[in-house]
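Residue numbers (our numbering): 4 to 753.
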């Protein structure tokens, strides 16, 4: 043995030395030897293992699809995803179901689908461009017949541009999901297969002739009518001011009610709300404060004449703008570092509790406020920049805004332009501060961003399109709950009380309004709410005119049109004019001042009322399904061959309170238009499709829908596991009894 060791001692030393070197350089490799590179098992599907890499790839596929096919993967969209923790698994199960049913094609199937997706995307892009031009009126104009040609042209233009940028859009979608182009096309092929599967399922059902006739009649029956809506705002000005006792009673009545759930759309069960302060580092202001070196500007032009042009005087402005922008970028980066340095200097002293910090009792007095951070940033950045090549640089003081005078909901913060447009990129998604402020530990204990009340969020600065940086601190947060007291919502409660009082007056007088509409028409009801605004004058007689109510039987608080409207000829019934003399100006005050007449609500005349899918929304503020159905019910009892003038008004007038809209509606049926046999023949297939669609829409919102996450998980025996970090994960990999995973479970499968 010794002879053997002496003979081969050099060889043995080399072998063992090599092993020691490997053990020294790659200890982690030895420790993890044998562990599956696809990560731990996170679920089992029909007995086979699903690893973390499988769901990670599904998540990346969804990120890419959100970029190029948002209508399918958006929450509540075609695929039924819910924008929660189940989405990755739901998508994984959907693609497996489509693969098993044979609906998923090859890679080319997904690539060929892109132009069709862009056709669906074009109207959204066109409307967004339209909205930027017409702003608040965009939705109204977009659907108006007068804009039909422009709408069509805009959609076609958007489609042409999208098709021209097809390669760019595909590359952008692939980057959004960190996929290669072939992987993106595979994901699209999977999505197209899922669409085929869902369409096939929804088209299996057959509708009986009787059901088709009933649904067609519901769709096709129409009525021509006049409609008048009386909103509570007509009487709000006349409502008596509420006492504190009345307001408190009103507040207690609706305190536990959410606004969307209440009968009158009122409620003081408040959503999540915060108080916040934020700091803005203004990129343009920094650039303006910079002093440019004319030599450096000229040198930049000389090196880039092909870009800026050969005439320096003409190119000077553009060159200076670029140089100023670059210097502003550098100084902004210094400001970012200064914000973090100032903030973490204090935060790092706090004790940790996982991702969060334990705040001491005196933290409110010790915490770094945005005012303090802003001043410290100015001092540090100014010192650094002056030490370089800007001796006269004056750092603009960052803008600080404190929104703490009241509680702010997400909708309130969206109204703050900076908070709505400044975003932080999280998981490849731009999240505005207005939403991120509600992802604090106190409101969402399971969140992993580390945000909490009282700590400045400075790890990831928010940015806007102008290059500005934003940092914020959530000062306080409240989960959804009823308002603590009337004082929290006093102004809103006072407005609601006045509106509700006015609505109750309208509803109480509804029978009288209906009688007047039967006797004189809807315009007579509208005239009751005509207002005459007298001009201001020191004469008490003019401030308090005495008028007689035009209809004693109808309770109104306004003046009729007949007594207060001006004659078409202003000279009618007046004494003949005299020849003006030198004192004409002195006689002017003797003339009666002209009153302003504000007409009542407009009567919508001869409008077509029917299913909104066919006739659109034509009822204006009275567009309520119950009121629409009431008019159709009245029309259904009429003889369609009768002449309009032969219809008894007492049988043709509908009056209905609409509490959800805080008003009352009156309608006068002029002519019933029942479904004809010719229209039925054209409508039958659409009616059958509508019936099936409605049934599936109701089903899709429940756990019984066969492609909901819960049903797919049950069908595929999907069992999430907790194997991450388990010490027995490696031995599981050695078990060959499990069925091999199909192609659809592999990252590139489908």
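Ideal Cβ positions, reconstructed from N, Cα and C, are used throughout, including at glycine. For clarity, every value in this text was computed on a predicted model and none was experimentally measured.
C-beta atoms of residue i and residue j nearer than 8 Å
i: residue 165; j: residue 124; result: yes
i: residue 290; j: residue 327; result: yes
i: residue 225; j: residue 613; result: yes
i: residue 479; j: residue 536; result: no
i: residue 481; j: residue 276; result: yes
i: residue 70; j: residue 176; result: yes
i: residue 673; j: residue 227; result: yes
i: residue 529; j: residue 231; result: yes
i: residue 91; j: residue 61; result: yes
i: residue 255; j: residue 360; result: no
i: residue 281; j: residue 376; result: no
i: residue 442; j: residue 452; result: yes
i: residue 83; j: residue 711; result: yes
i: residue 158; j: residue 118; result: no
i: residue 262; j: residue 624; result: no
i: residue 428; j: residue 467; result: no
i: residue 606; j: residue 525; result: yes
i: residue 260; j: residue 472; result: no
i: residue 197; j: residue 101; result: yes
i: residue 121; j: residue 169; result: yes
Identified DSSP bridge partners for residue i
i: residue 476; result: 280
i: residue 151; result: DSSP output for residue 151 lists no bridge partner at all.
i: residue 47; result: 52 and 722
i: residue 666; result: 234 and 661
i: residue 485; result: 272
i: residue 359; result: 356
i: residue 612; result: 226
i: residue 536; result: 599
i: residue 75; result: For residue 75, which the question treats as bridged, DSSP gives no partner whatsoever.
i: residue 65; result: Its beta-bridge partners do not exist; DSSP assigns none.
i: residue 402; result: 283
i: residue 411; result: 277
Neighbour flag for residue i against chain C, beta carbons, 8 Å
i: residue 122; result: Looking for chain C here will not work: only one protein chain is present.
Contacting residues, own chain, Cβ-Cβ under 6 Å from residue i (five flanking each side not counted)
i: residue 273; result: 486
i: residue 527; result: 519
i: residue 690; result: 215, 218, 219 and 222
Simplified DSSP assignment, three categories, for residue i
i: residue 272; result: strand
i: residue 710; result: coil
i: residue 566; result: Because residue 566 sits at a pLDDT of 37, beneath the cut-off of 50, its placement in the model cannot be relied upon, and the point is left open.
i: residue 451; result: coil
i: residue 263; result: coil
i: residue 649; result: helix
i: residue 435; result: strand
i: residue 754; result: The shown model of the chain, from 4 to 753, leaves out residue 754, and the question about it has no answer.
i: residue 464; result: strand
i: residue 671; result: strand
i: residue 446; result: coil
i: residue 492; result: helix
i: residue 295; result: coil
i: residue 830; result: Since the first residue shown for the chain is 4 and the last is 753, residue 830 is missing from the structure and cannot be characterised.
i: residue 512; result: coil
i: residue 429; result: strand
Close Cβ partners of residue i (< 7 Å) along its chain, the five nearest in sequence each way excluded
i: residue 517; result: 656, 658 and 669
i: residue 331; result: 286, 289, 290 and 293
i: residue 631; result: 612 and 622
i: residue 67; result: 176, 177, 179, 180, 182, 187 and 190
i: residue 660; result: 510, 513 and 667
i: residue 722; result: 46 and 47
i: residue 20; result: none
i: residue 636; result: none
i: residue 36; result: Note that residue 36 scores a pLDDT of 44, beneath 50, so its modelled location is shaky; the value from the coordinates is reported in the next line. Contacts found: none.
i: residue 508; result: 238
Contacts around residue i, its chain only, beta-carbon distance under 8 Å, and the 5 residues preceding and following it disregarded
i: residue 115; result: none
i: residue 374; result: 403
i: residue 392; result: 296
i: residue 266; result: 662 and 663
i: residue 300; result: 319, 322, 323 and 326
i: residue 586; result: Its pLDDT being 46, under 50, residue 586 is placed unreliably in this model, and the value from its coordinates should be taken loosely. Counting only Cβ-Cβ distances below 8 Å, and skipping sequence neighbours, we find nothing.
Notebook entry, point to check: Would you call the region 445-453 and the region 409-418 touching, i.e. three or more CB-CB distances under 8 Å?
Noted result: no
Item checked: Segment contact flag, the region 236-253 with the region 495-510, C-beta cutoff 8 Å, min 3 pairs -> yes
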